[in-house]
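Numbering (my numbering), first residue to last: 42 to 408.
The structure appears below as structure tokens.
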């Protein structure tokens with residue numbers, strides 16, 4: 042027996058030194074997959090090993106095992122297919138879509154985000170996962186930003202649809218052959234229901250988002266993700282984004298086990314603020330935590346006024362109104378305060394709240 046071979050403790054198997062070192066390692070750190078270049082691209086073996094590789098890398102980066110549906114979404118993106126993902130807030134949509142960047146540093150992800158606060162929060166999350174990311178907005182721009190993006194400094198570029206389609210901002214960079222030559226690209230439309238809800242009037246460029254697919258160099262799959270879209274909206278989103286015929290769809294629904302759903306039929310639209318009081322019979326006590334969603338700040342202010350007038354003065358501070366035009370500091374304070382057991386009890390809000398924040402402790406009602 043050579044010097045580099047050892048007997049196991051039972052003396053019946055010869056193990057070389059390299060094998061002994063492997064056996065001393067943490068099993069969780071083993072790569073249970075083979076290099077992808079060992080298989081034909083798109084074959085069953087290739088796809089199985091891709092998902093094993095991504096599961097291993099995701100666990101190392103995020104400290105959590107990915108769900109099977111997250112691996113399937115990432116695989117669809119990797120194979121170059123357009124995709125539609127509907128899943129509840131906080132379910133893990135983001136990891137499913139950007140997981141490709143874990144396995145390939147050359148991969149570029151263009152993430153279209155509706156709000157600056159959401160983009161900035163996503164950058165921090167991606168950096169915690171060991172990815173290079175940048176949010177392009179008024180708060181983060183610097184002299185060589187566009188040059189750095191074009192040269193491939195960042196794996197994930199996050200900005201508004203207006204910036205991505207602006208010929209004086211991101212458009213010349215994201216469609217440049219130089220950036221495309223660095224590696225594969227993926228376009229993610231986060232909160233994709235904004236295409237339908239905001240596109241026609243509020244933010245018109247959302248209606249033109251499909252043109253980006255025609256402008257990019259090479260073929261880049263588009264992934265639309267949302268927690269809020271009925272069947273008609275889903276089809277309209279796919280059509281707007283010019284989905285290919287082989288596009289995939291993952292629909293997990295958006296129901297949450299810790300949220301009670303009910304329908305309240307208004308007696309009179311003009312008295313909506315007064316009717317809300319039916320859910321708060323006590324003037325001195327508020328049960329649980331409540332989100333009241335409204336379509337406009339005007340309605341929100343009416344409800345805020347009615348609730349504070351109804352409740353004892355000591356509870357006035359527990360009722361707050363959250364909307365997109367409040368300062369970033371105010372938004373953070375209000376969202377953080379809603380998480381505290383002794384914090385805010387009722388948040389009247391537009392959808393801007395849940396686009397940005399995921400409430401892990403939330404155990405109340407949504408109206």
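For each residue, glycine too, the CB sits at the ideal point set by N, CA and C.
Please look up how many angstroms separate the CB atoms of residue i and residue j, rounded, as I've assumed it's under 8 Å.
i	j	result
residue 437	residue 190	Since the first residue shown for the chain is 42 and the last is 408, residue 437 is missing from the structure and cannot be characterised.
residue 364	residue 321	In fact, because the Cβ distance is near 21 Å, the residues do not count as touching under 8 Å.
residue 262	residue 121	5 Å
residue 193	residue 223	5 Å
When you compare the CB positions of residue i and residue j, do they come within less than 8 Å of one another, or not?
i	j	result
residue 257	residue 226	yes
residue 116	residue 92	yes
residue 211	residue 200	yes
residue 175	residue 164	yes
residue 138	residue 229	yes
residue 180	residue 161	yes
residue 348	residue 360	yes
residue 14	residue 267	One cannot answer for residue 14 here, as it falls past the ends of the chain, which runs 42 to 408.
Around the Cβ of residue i, are there at least 16 other Cβ atoms within 10 angstroms (buried) or fewer (exposed)?
i	result
residue 71	Annotation note: pLDDT 44 at residue 71 (below 50); position unreliable, coordinate value reported separately. It counts as exposed.
residue 323	exposed
residue 242	exposed
residue 331	buried
residue 105	exposed
residue 183	exposed
residue 275	buried
residue 128	buried
residue 82	exposed
residue 402	Reliability fails at residue 402, whose pLDDT of 46 lies under 50, so the model's placement of it is uncertain and the value that follows must be treated cautiously. By the neighbour-count rule (16 or more Cβ atoms within 10 Å), residue 402 is not buried but exposed.
residue 390	buried
residue 31	Because residue 31 is not part of the residues shown, which for the chain are 42 to 408, the question remains open.
residue 392	buried
residue 158	buried
residue 240	buried
What is the DSSP secondary structure of residue i, counted as helix, strand or coil?
i	result
residue 112	helix
residue 69	Because residue 69 sits at a pLDDT of 46, beneath the cut-off of 50, its placement in the model cannot be relied upon, and the following sentence gives the value as read from the coordinates. Looking at residue 69 - three-state DSSP - the assignment turns out to be helix.
residue 131	coil
residue 177	coil
residue 361	strand
residue 150	strand
residue 226	strand
residue 164	helix
residue 388	strand
residue 199	strand
residue 294	strand
residue 209	coil
residue 94	helix
residue 64	Bear in mind that a pLDDT of 49 at residue 64, under 50, signals an unreliable position, so the number given afterwards is only what the model happens to contain. Note: residue 64 maps to helix in three-state DSSP.
residue 356	helix
residue 250	coil
residue 267	strand
residue 103	helix
residue 307	coil
If contact is defined by three or more beta carbon pairs under 8 Å, each pair taking one atom from either stretch, is the segment 141–150 in contact with the segment 282–293? no
Does the segment 95–115 come into contact with the segment 243–261, if we say contact requires no fewer than three beta-carbon pairs (one atom in each stretch) closer than 8 Å? no
I want to know whether the segment 303–313 touches the segment 275–283 - three or more CB-CB distances under 8 Å. no
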